[in-house]
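Enquirer: First the structure, which I've put down as structure tokens, then a few questions once you've had a look.
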Amino acid sequence: MSVPPDFRLSYESVVLTADDVTILEHTGCWFNDKLLTFCAEFLEQHNSAAAEIQIFTPPQTEMIRHSTCDEEVDMYFGCLDVNSKDLIAFIVNDNQDVTRVNGGSHWSLLIFDRKIDKFRHFDSARGHNLKIAENLMQKSRKLVRQRQSQRNLEPELCLQQKNASDCGLHVAQYLAVLAEQKSADAIGKLEKIDKTRGFWRDLIVNFEAK
Numbered sequence: 008m009s010v011p012p013d014f015r016l017s018y019e020s021v022v023l024t025a026d027d028v029t030i031l032e033h034t035g036c037w038f039n040d041k042l043l044t045f046c047a048e049f050l051e052q053h054n055s056a057a058a059e060i061q062i063f064t065p066p067q068t069e070m071i072r073h074s075t076c077d078e079e080v081d082m083y084f085g086c087l088d089v090n091s092k093d094l095i096a097f098i099v100n101d102n103q104d105v106t107r108v109n110g111g112s113h114w115s116l117l118i119f120d121r122k123i124d125k126f127r128h129f130d131s132a133r134g135h136n137l138k139i140a141e142n143l144m145q146k147s148r149k150l151v152r153q154r155q156s157q158r159n160l161e162p163e164l165c166l167q168q169k170n171a172s173d174c175g176l177h178v179a180q181y182l183a184v185l186a187e188q189k190s191a192d193a194i195g196k197l198e199k200i201d202k203t204r205g206f207w208r209d210l211i212v213n214f215e216a217k
């Protein structure tokens, strides 16, 4: 059953509409910022993950990516006290034009794993967002209080996408595993997508009935 044109779900910092639900109903459609923001904030709140995990949504990550100095990053996000979290995840997009809404063509996930004091990059098109993630790592190091100097990222082995449009779906699944198991290593062991487009669509459409 299709959703009515006036469908609207307000959750945490994001408002989803019928257009966003339509993306989930078609396999060739690319996840937008709003859908991944919803996924991130829902997973943080519903898996008792907030105490151990901080997830930076696409808009937040873009603010860090395009910041000009450490002080600017601290001004916006220092209040989050991320240094108390074991795992800090950044939803990464390859958009280079900050004036373009829903720009870019690929999503990936950068994680700071405090237990090993290391940034780790999970990309369903291995290597595609590597340089962008490395730049983000450099700009996030002071925020997360990394102790060692890490110059480069080594792409992590993880489940790879089989088409050109499911990068966002994979990032949502990586986040689900991270939130549920509180382990970045668990992402590398993932063998299939169980939180499908249909899962997220039904969750959103039926959310207010829960």
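Numbering (this note's numbering), first residue to last: 8 to 217.
Note that beta-carbon positions come from the ideal geometry of N, C-alpha and C, so glycine has one too.
What do you get for Y181, buried or exposed, if any count of 16 or more other CB atoms within 10 angstroms of its CB means buried?
Expert: Counted from its first residue, the sequence shown places residue 181 at position 174. When all chains shown are included, Y181 counts as buried.
Enquirer: Once DSSP output is grouped into helix, strand and coil, what is the label at S115?
Expert: Counting from one through the sequence shown, the residue named residue 115 turns up at place 108. S115: strand per DSSP, three-state reduction.
Enquirer: Short check: CB of E59 to CB of E19, under 7 Å?
Expert: Reading the sequence shown from its first residue, position 52 is the one you call residue 59. Reading the sequence shown from its first residue, position 12 is the one you call residue 19. When the beta-carbon positions are compared, E59 and E19 stay at least 7 Å from each other.
Enquirer: Taking K122 as the reference, which of C86, A191 and H135 has the closest Cα?
Expert: The sequence position of residue 122 within the sequence shown is 115, counting from 1. It is A191.
Enquirer: Would DSSP call V22 helix, strand or coil?
Expert: Looking up residue 22 in the sequence shown gives position 15. Residue state, collapsed to three classes: strand.
Enquirer: Rounding to the nearest angstrom, what Cα-Cα distance links S74 and V80 in this structure?
Expert: As a first step, residue 74 is located in the sequence shown; it is residue number 67 there, counting from the start. As a first step, residue 80 is located in the sequence shown; it is residue number 73 there, counting from the start. Looking at the two C-alpha atoms, the distance is approximately 7 Å.
Enquirer: Could you please give the first and the last residue of the uninterrupted alpha helix (DSSP H) stretch that includes A183?
Expert: One-based indexing of the sequence shown puts residue 183 at position 176. A183 -> alpha helix (DSSP H) spans C174 to Q188.
Enquirer: With 16 other CB atoms within 10 Å as the buried threshold, where does H53 fall?
Expert: Working through the sequence shown from its first residue, we reach residue 53 at position 46. Exposed.
Enquirer: Mind listing, in chain order, the continuous alpha helix (DSSP H) runs of no fewer than 4 residues lying wholly within the segment 33-86?
Expert: 40-53, 65-72 and 77-84
Enquirer: On the DSSP letters alone, give me the boundaries of the beta strand (DSSP E) that V99 sits inside.
Expert: As a position in the sequence shown, residue 99 is number 92, starting the count at 1. Per DSSP, V99 belongs to the beta strand (DSSP E) from L94 to N100.
Enquirer: Would DSSP call R204 helix, strand or coil?
Expert: Working through the sequence shown from its first residue, we reach residue 204 at position 197. Helix at R204.
Enquirer: Have a look at Y83 and S147 and give me their C-alpha separation to the nearest angstrom.
Expert: Taking the sequence shown and counting its residues from 1, one reaches residue 83 at position 76. Taking the sequence shown and counting its residues from 1, one reaches residue 147 at position 140. Distance between the alpha carbons of Y83 and S147: 12 Å.
Enquirer: Buried or exposed for F38, please, with buried defined as at least 16 other CB atoms from any protein chain shown within 10 angstroms of its CB.
Expert: Within the sequence shown, the letter at position 31 stands for residue 38. By the Cβ-count criterion, F38 is buried, with 16 or more other Cβ atoms from all chains shown falling within 10 Å of its own Cβ.
Enquirer: Leaving out five residues on either side along the sequence, give the residues of the same chain with a beta carbon under 6 Å from the beta carbon of F129.
Expert: Taking the first residue of the sequence shown as 1, we reach residue 129 at position 122. Excluding residues within five positions, the ones whose Cβ falls inside 6 Å are L116, E163, C165, Y181 and I194.
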